[in-house]
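In what follows, a structure is listed as structure tokens, so that the remarks can point back to it.
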Amino acid sequence: MKAILDVLYQILNIASWIIIIQAILSWLVIFKVIDTRNSAVGAIWGALERMTEPLYRPIRNMLPSMSGLDISPLIVLLIIFFLQQVIIRYGYAIAPF
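For the sequence shown, this note's numbering gives the first residue as -16, with consecutive numbering after it.
What follows is the structure, given as structure tokens:
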């Protein structure tokens, strides 16, 4: 059981890093430090979008419009951190072995 919790914890950890990397990359694109017309950047940007959009979409549908400010990555990160704490505090405590 603890092995399953370890794998789930690591998946959540990887997901949080993907969200952070995508947020930083989006700032670099917005401030025109990098250009998405570059094939490598465009491929990375597209892959990150495909990975994160299913997480953001339900939250974006619940939130009111905020004039271009997108806080859905922050909310997803908070949910991930909450789930990680639940795994650490309660999952390992009740897991056999």
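Quick reminder that beta carbons are idealized off the backbone N, C-alpha and C, glycines included. All of these numbers come straight from a predicted model, not from anything done at the bench.
Element boundaries [alpha helix (DSSP H), containing residue i]
i: I7; result: -15 to 13
i: L52; result: Premise fails: L52 is in no alpha helix (DSSP H) and is neither H nor E.
i: S22; result: 22 to 45
Span separating the alpha-carbon of residue i from that of residue j
i: Q67; j: T19; result: 33 Å
i: G29; j: Q5; result: 10 Å
i: I13; j: V24; result: 13 Å
i: S9; j: A76; result: 39 Å
i: M49; j: R40; result: 15 Å
i: I89; j: L61; result: No information on residue 89 is available, as it lies outside the stretch -16 to 80 that the chain covers here.
i: I(-3); j: G51; result: 27 Å
i: V69; j: D53; result: 26 Å
i: L57; j: A26; result: 24 Å
i: I71; j: F65; result: 10 Å
i: N44; j: I17; result: 29 Å
Nearest-angstrom beta carbon gap, residue j and residue i [assumed within contact, 8 Å]
i: L38; j: V59; result: 5 Å
i: L11; j: G74; result: Going by Cβ atoms, the distance from L11 to G74 rounds to 36 Å, so no, they are not a contact pair.
i: K15; j: A78; result: Not a contact, Cβ separation roughly 49 Å.
i: L(-9); j: I63; result: Incorrect: roughly 11 Å between the Cβ atoms, too far for contact.
> Are at least three pairs of beta-carbons, each pair with one atom in the segment 1 to 8 and one in the segment 26 to 41, less than 8 Å apart?
Replying inline: A contact exists between the segment 1 to 8 and the segment 26 to 41.
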